[in-house]
Each structure stands twice: as structure tokens, then as C-alpha cells.
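**Student:** Quick one: structure below, then a few questions.
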Amino acid sequence: DIQLTQSPSSMSASLGDRVSLTCQSSQGIGNYLSWYQHKPGKPPKPMIYYATNLADGVPSRFSGSRSGSDYSLTISSLESEDTAIYYCLQYDEYPNTFGAGTKLELK
Amino acid sequence: EVQLVESGGGLVQPGRSLKLSCLASGFTFSNYGMNWIRQAPGKGLEWVASISSSSSYIYYADTVKGRFTISRDNAKNTLYLQMTSLRSEDTALYYCARDGGLPGPDYWGQGVMVTVSS
């Protein structure tokens, strides 16, 4: 099975900071990676799909990138509403697998 | 508006069975694959099972293979998850999610809680 390693597992940042979260795949998955924002009591919200595409309604401060087997979610200027757990998901092959998540908090 | 509404959850004893449903609306259900994804209390997300639009292709996580069965009724716009031989580790919030193709799982329901306990 494909393993996704997310780093860091948690982090805190200040309003306005540039934040980057990373997801490393154990095998090649092309661009079949998506990012989800998960807040308590709500379903996960798609943020980025196919590695670099912004999902509908997601603010432009979010972006996704890929370098080899490393995938990143970047927030250009952190806002308070961005605090959440972020998960990456590979859907290149079955079983689909999620990373363990990165908890993003405000400093 | 795309809507996915799960139902059928509850408290069940270990070894018993439970069937979840997910009623879809706001899109042509028969054109999309569907997924079940779960989150155990205090844990991360776990993909459980997927089914193609015509039920031709079905996949399961190893943790549920042989115990869970995903199915769908396109005439009723409904996705199912039949869960048997339930274990305490199956306790989780179960989400159904549409497979958007290139976007992956793009719409999610609110989830339904399943608690396996004696």
C-alpha cells in the first residue's frame, strides 16, 4: 500500500504568516493527490485536487505544488479561519490512503 | 446543490451487523463512483471502500475486507455499506463521499456515527 507521510504533525503560526504543509508519498502517484481541511463537527472540505488545482470556493491564498514525490499545501497569508487539521489523500491506486494529518493552530 | 445524507448508524454489539445508507441528490448519481470513508474517535481519516458508477468495480480496505460490503441502487440514488462481524475498532464516524474523478472525493456527507460496544 502507498504510504503518505505528512509533516509536521502539528504547527502553530501567526496571522499573516506563510505556511507550508508537506506530504511525501512512498511510491509514485503522479498528481493524484488532494488536500482536505477538517474542522470539528464538519465533514472534510476539499482544498486542492490533482496536486495543484484549487477546489471550488477555496480562497486564492491556498495553493498546491509538487516536487517529485513531495507535495505541498501552502497558505500565503494565514487567517484565523484556516486553523484546522489538514489531510492529504492519494487516489492514484487502491487502497486509497490518507496521511496522518497536520494540525494547524494560531500562535 | 449536491447533497449526501447518511443514515443507519447507532450502537451495536460486537459481532453484530449494521447497514448504512447514503441518499444522494443534486447530481446524476448513476454517473459517479462513490466512497465510504471513516474517522475513529481521536484518529485520522481512513478510506473504507469504493464502488464504480455501475458497480462493476469495487474495492475495500484490508481492515474491512470480507466483513463489509459496499453496494448501490442507482434507481434509488442510494449508496449502502453492509457491515458484519463488527468490532470495537469499527467505531467511527462514517462519511459517504462522491468520487469526482480527477478531483477525487469532492462532496461529502455530514457523516453517521457507528459505535460498537457491549
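Read top to bottom, the protein sequences are chains A and V. Going by the numbering used here, the final residue of the first sequence carries number 107, and the count climbs one at a time with no gaps. Going by the numbering used here, the final residue of the second sequence carries number 118, and the count climbs one at a time with no gaps. Glycine included, each C-beta is placed from N, C-alpha and C at the ideal position. As the structure is a prediction and not an experimental result, all values here were calculated from the model.
May I have a chain-ordered list of the beta strand (DSSP E) segments no shorter than 3 residues that lie completely inside the region 69 to 96 of chain A?
**Tutor:** Fully enclosed beta strand (DSSP E) runs of 3 or longer: 70 to 75 and 84 to 90.
**Student:** Going along chain V in order, which residues have a C-beta closer than 8 Å to the C-beta of G101 of chain A?
**Tutor:** Residues of chain V passing the Cβ test: G44 and L45.
**Student:** DSSP state of Y10 of chain A, grouped into three classes?
**Tutor:** It is worth fixing the name first, because residue 10 of chain A is Ser in this sequence and not Tyr. Of the three classes helix, strand and coil, the one that applies to S10 of chain A here is strand, per DSSP.
**Student:** Can you tell me which of V:S17, V:K76 and V:T63 puts its alpha carbon nearest to the alpha carbon of S25 of chain V?
**Tutor:** For S25 of chain V, the nearest C-alpha among the options comes from V:K76.
**Student:** How would you list, in chain order, the residues of chain V whose beta-carbon sits under 9 Å from the beta-carbon of Y86 of chain A?
**Tutor:** Simply none; closest approach about 11 Å.
**Student:** Among V:R38, V:A92 and V:S88, which one has its Cα closest to the Cα of S124 of chain V?
**Tutor:** Shown here, chain V extends from 1 to 118; a query on residue 124 of chain V therefore has no answer.
**Student:** Whose Cβ in chain A lies nearer than 7 Å to the Cβ of Q110 of chain V?
**Tutor:** What Q110 of chain V touches in chain A: P43.
**Student:** Taking 8 Å as the CB-CB cut-off, is S17 of chain V touching chain A?
**Tutor:** S17 of chain V does not count as touching chain A.
**Student:** Starting from the Cα of G33 of chain V, find the closest Cα among V:S54, V:V2 and V:R67 and give me that residue.
**Tutor:** Of V:S54, V:V2 and V:R67, the residue nearest in Cα terms is V:S54.
**Student:** DSSP on S50 of chain V, reduced to helix/strand/coil?
**Tutor:** In this structure, S50 of chain V counts as strand in the three-state DSSP scheme.
**Student:** Express the C-alpha separation of E1 of chain V and S30 of chain V in angstroms, rounding to a whole number.
**Tutor:** Looking at the two C-alpha atoms, the distance is approximately 16 Å.
**Student:** Since F98 of chain A meets chain V, which of its residues come closer than 9 Å, beta carbon to beta carbon?
**Tutor:** Result: I37, G44, L45, E46 and W47.
**Student:** Between which two residues does the beta strand (DSSP E) holding K76 of chain V run?
**Tutor:** No beta strand (DSSP E) contains K76 of chain V, which DSSP labels as neither H nor E.
**Student:** Does the Cβ of L18 of chain V have 16 or more other Cβ atoms within 10 Å, making it buried, or fewer, making it exposed?
**Tutor:** L18 of chain V should be labelled buried.
**Student:** Whole angstroms is fine: what's the gap from Y94 of chain V's alpha carbon to T63 of chain V's?
**Tutor:** In a straight line, the C-alpha of Y94 of chain V is about 14 Å away from that of T63 of chain V.
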